[in-house]
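Asks:
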Amino acid sequence: MQHRNKVKPNEESWTWVMKECVKSGQFRLGYCIARLMESEFKRTPEDLVKQNEANAMKAKADGKEHPSALAQQQSLFEIKIQ
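In my numbering, the protein residues as written are 1497 to 1578.
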C-alpha cells in the first residue's frame, strides 16, 4: 500500500491497523496484516497476534469460523445432477 505522494505506511501504522482488527474481532484480516508485517518488517507484535488467534478460536467455538454467506452455499460435491 503506497499513497500517490509516495508516502508508505510504517510499522507503527500497521500496528494500529492490527489493533483495530483485534478490537473488532476481524481475525481473517488480522491474519493478512500479520503476514504483511512479517514480510515487510521481519517481525510482528506477538501480543496482538496471540489476541487475534484467541479471536479466531472464539469464532471457531461459536461456529462462525467462516463467513455466513459461504456456509449457506451448497457444496459442489453435494449437487445431484440428473
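Ideal placement from N, C-alpha and C gives every residue a C-beta, glycine not left out. Just so you know, these numbers come straight off a predicted model, no measurement behind them.
Given Glu1507, which residues of its chain have a CB within under 6 Å of its CB, disregarding the five upstream and five downstream residues?
Replies: Sequence index remark: in the sequence shown, residue 1507 carries index 11 (1-based). Contacts found: Phe1537.
Asks: So the alpha helix (DSSP H) Glu1542 belongs to, where does it begin and stop?
Replies: Counting from 1 along the sequence shown, the entry for residue 1542 is found at position 46. Here the alpha helix (DSSP H) through Glu1542 covers Glu1542 to Ala1557.
Asks: Would Val1513 pass as a contact of Ile1529 if the rule is Cβ separation under 7 Å?
Replies: Taking the first residue of the sequence shown as position 1, residue 1513 is located at position 17. Taking the first residue of the sequence shown as position 1, residue 1529 is located at position 33. Yes, the Cβ-Cβ distance between Val1513 and Ile1529 is below 7 Å.
Asks: Ordered along the chain, which non-local residues of its own chain (more than five positions away) have a Cβ less than 7 Å from that of Ala1552?
Replies: As a working note, residue 1552 is residue 56 in the sequence shown. Cβ within range, chain order: Phe1523.
Asks: Beta carbon of Gly1521, beta carbon of Asn1548: below 7 Å?
Replies: Here the question's residue 1521 lines up with position 25 in the sequence shown. Here the question's residue 1548 lines up with position 52 in the sequence shown. The answer is no: Cβ separation not under 7 Å.
Asks: Over what stretch of residues does the alpha helix (DSSP H) that includes Gly1521 continue unbroken?
Replies: Start at 1 with the first residue of the sequence shown, and residue 1521 comes out as number 25. Neither: Gly1521 is in no alpha helix (DSSP H) and is coded neither H nor E.
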